[in-house]
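Each residue of the sequence shown is one higher than the last, beginning at 1474 in this note's numbering. Virtual Cβ for every residue (Gly too), placed ideally from N, Cα, C. No experiment lies behind these values; they were computed from the predicted model shown. Below is one structure, written out as structure tokens; comments come after it.
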Amino acid sequence: LFHDDDPVFRLRKGTQMQRIVDVFGRKLHPQLIPIKEDILWCKLHGFVAKPEGAKKTRGEQFLFVNGRFFKSPYFNKAVQEAFEGLLLPGYIPTFFLFLELDPEKIDVNIHPQKTEVKFEDEHLIFALIRSTIKRSLGIYNIAPSLDFERDPLLDEMMQKSFPSKSNNTGNLKMPEIIVDRDYNPFLEEREVTKTEIHNLTEMYHQNISAEPSKINLFEDEDFDEDLMRLPNGYWLFNKGDRTLMLDLGRMHRLLVAENNKNVKKGNVSHALLFSLEYHMNEIEKNKYKSIKKFLPELGFDMKIAHENVLRIDTVPEGLKETQVMKFLENLFDILEYKTEDEFMQFYHNQWAKMQSKSRFDFIYKADAEQVIKDFTALGFPEFLPTGKRCFYEVPFNDLKNKF
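Below, the structure written as structure tokens:
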């Protein structure tokens, strides 16, 4: 694909999955879930991204019918309903869906640019998309796979797909249960003697008279503590009359970002013993061209060595060699940096994320207390700049009403 004689995409021949990854980046690959449904009058296949791949902005939602791209808010709603209960408010799932059906059942002449399509069985396709995605999410353990509520649209779709089976309900025969009424499970059981009963009774009375164990299972517990670690890595913290569930990893990230505010990145950098090579797709290549002017002052020395290979020779001090590829992948993940300030803000957020600890790294109470102390001096902010929560107030008063 060329624009003003400049190549925008130069893609190799491959599968649909490979083409999606080449265009939208390799980071999307582990997020994709295949979907497929083949019924009498319609075929549906493609990919949807896991809920964690959803974004607040549109741009990764694609529908095709018989190879033609089209837009449909109605079918977009079907995908959104399939993810019901899995997405945060305002987030939009990523999907690439391909429909194949009889051309006589569609009309492409309702829009000047041919991007809108009218379907004869629109409500049935809606049900097909929703149910197929729900089933795939259940197969990959992302959503519950059991649903005991019947969907009338789905019933209508199945009747249309299998008319001969659905119309012969009068020939259905109820299953029979055969019971052997002569079976007695106790026929071969040996009777218990009076001597055995006496021995059991004597043993029971001996155990009753035994002294209770001196072991105190809770001798090391202190129930007056204001700080307690949960098995999932979060901490419970009593702050005044409130009980908070803390994500110490995010709190530490905010502390690292605050400490780095007045530090000029790029003052110190180190050369790699062996140069690293980052293989870019076309989108990443164009993204690199747009941000490469900012990279030298941040401590990076890199350039395009071959057609789609980025060679990295120098990185900022503090960035480990094992972290370089992941760091660059995150920088290239954003579709567009509109201003230098926007890029620098995202860069510093990624830098803080790379330097900070995970919530699972905080095991000891002393380490947790130090983070809470520093976080309190910072004003105990509730959110990261990205909008994610650092803590959540546990509604114990509401929980009391449940009992």
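Query, Result
"Is His1725 buried or exposed, if buried means 16 or more other CB atoms sit within 10 Å of its CB?", "buried"
"Below 8 Å on the Cβ atoms is my contact criterion, and I expect Leu1851 with Glu1770 to pass it. Report the Cβ-Cβ distance as a whole number of Å.", "Going by Cβ atoms, the distance from Leu1851 to Glu1770 rounds to 28 Å, so no, they are not a contact pair."
"Among Gly1772, Arg1723, Lys1758, Lys1762, which has the Cα closest to the Cα of Ala1744?", "Gly1772"
"Roughly how many angstroms lie between the CA atoms of Gln1504 and Gly1526, to the nearest whole one?", "6 Å"
"Just the Cα atoms here: how many angstroms apart are Asp1786 and Thr1716?", "49 Å"
"To the nearest angstrom, report how far apart Lys1799 and Tyr1761 are at their CA atoms.", "15 Å"
"Determine the closest residue to Gln1843 out of Glu1855, Leu1721, Phe1816, Arg1784, with distance taken between C-alpha atoms.", "Leu1721"
"Which residue marks the beginning of the alpha helix (DSSP H) containing Asn1822, and which one marks its end?", "1813 to 1828"
"Pro1789 by DSSP, collapsed to three states: which one?", "strand"
"So Asp1840 is in the alpha helix (DSSP H); what residue range does that whole segment cover?", "1838 to 1850"
"Please state whether DSSP places Glu1573 in a helix, a strand or coil.", "strand"
"From the DSSP secondary-structure annotation, give me the bridge partner or partners of Trp1708.", "Arg1702, Leu1719"
"Going along the chain, which residues of its own chain have a beta-carbon closer than 6 Å to the beta-carbon of Met1490, five neighbours each way excluded?", "none"
"Quick one: give me the first and last residue of the alpha helix (DSSP H) that Lys1777 is part of.", "Before going further, note that residue 1777 is Ile rather than Lys in the sequence given. Unbroken run through Ile1777 is the beta strand (DSSP E), 1774 to 1777; no alpha helix (DSSP H)."
"Of all the options Asp1774, Asp1806, Gln1828, which has the alpha carbon lying nearest to the alpha carbon of Leu1792?", "Gln1828"
"Given that a residue counts as buried once 16 or more other Cβ atoms are within 10 Å of its Cβ, and exposed if not, what is Glu1533?", "buried"
"Which of the three DSSP states, helix, strand or coil, is assigned to Glu1866?", "strand"
"Which residue wins for smallest C-alpha separation from Leu1804, given the options Ala1841, Phe1520, Tyr1547, Asn1759?", "Asn1759"
"Mapping DSSP to helix, strand and coil, what is Ala1527?", "coil"
"State buried or exposed for Arg1603, treating a residue as buried only when at least 16 other CB atoms are found within 10 Å of its CB.", "buried"
"Less than 8 Å between C-beta atoms, sequence neighbours within five positions excluded: which residues of the same chain meet that for Glu1750?", "Ala1778, Val1782, Leu1783, Arg1784, Ile1785"
"What does Gln1504 pair with, by DSSP beta-bridge criteria?", "BP columns for Gln1504 are empty, so no partner."
"Sorted by chain position, which residues of the same chain lie with C-beta nearer than 8 Å to Phe1535's C-beta, five sequence neighbours on each side aside?", "Phe1542, Phe1568, Phe1569, Leu1570"
"Classify Arg1531 as buried or exposed, calling it buried when 16 or more other Cβ atoms lie within 10 Å of its own Cβ.", "exposed"
"Please tell me whether Glu1510 and Leu1601 are closer than 8 Å, where the distance is taken between their beta carbons.", "yes"
"May I ask you to report which of helix, strand or coil DSSP gives Val1581?", "coil"
"Is DSSP giving Ile1606 helix, strand or coil here?", "helix"
"Thr1849 to Phe1819, Cα distance in whole Å?", "25 Å"
"For a quick check, are the C-beta atoms of Ile1615 and Pro1524 less than 8 Å apart?", "yes"
"By Cβ distance below 7 Å, which residues in the same chain neighbour Asp1697 in space, the five residues on each side in sequence not counted?", "Here Asp1697 scores only 42 on pLDDT, less than 50, and its place in the model should not be relied on; the value that follows carries that caveat. Nothing meets the Cβ criterion."
"Rounded to whole angstroms, how far is the Cβ of Val1496 from the Cβ of Ile1756, which I believe are closer than 8 Å?", "6 Å"
"Write down the C-beta distance between Phe1864 and Leu1719 rounded to the nearest angstrom, noting that I regard them as a contact closer than 8 Å.", "5 Å"
"Secondary structure at Glu1802, three-state DSSP: helix, strand or coil?", "helix"
"What number of angstroms, rounded off, separates the C-alpha of Lys1826 from the C-alpha of Glu1577?", "54 Å"
"Does DSSP put Phe1548 in a helix, a strand or coil?", "helix"
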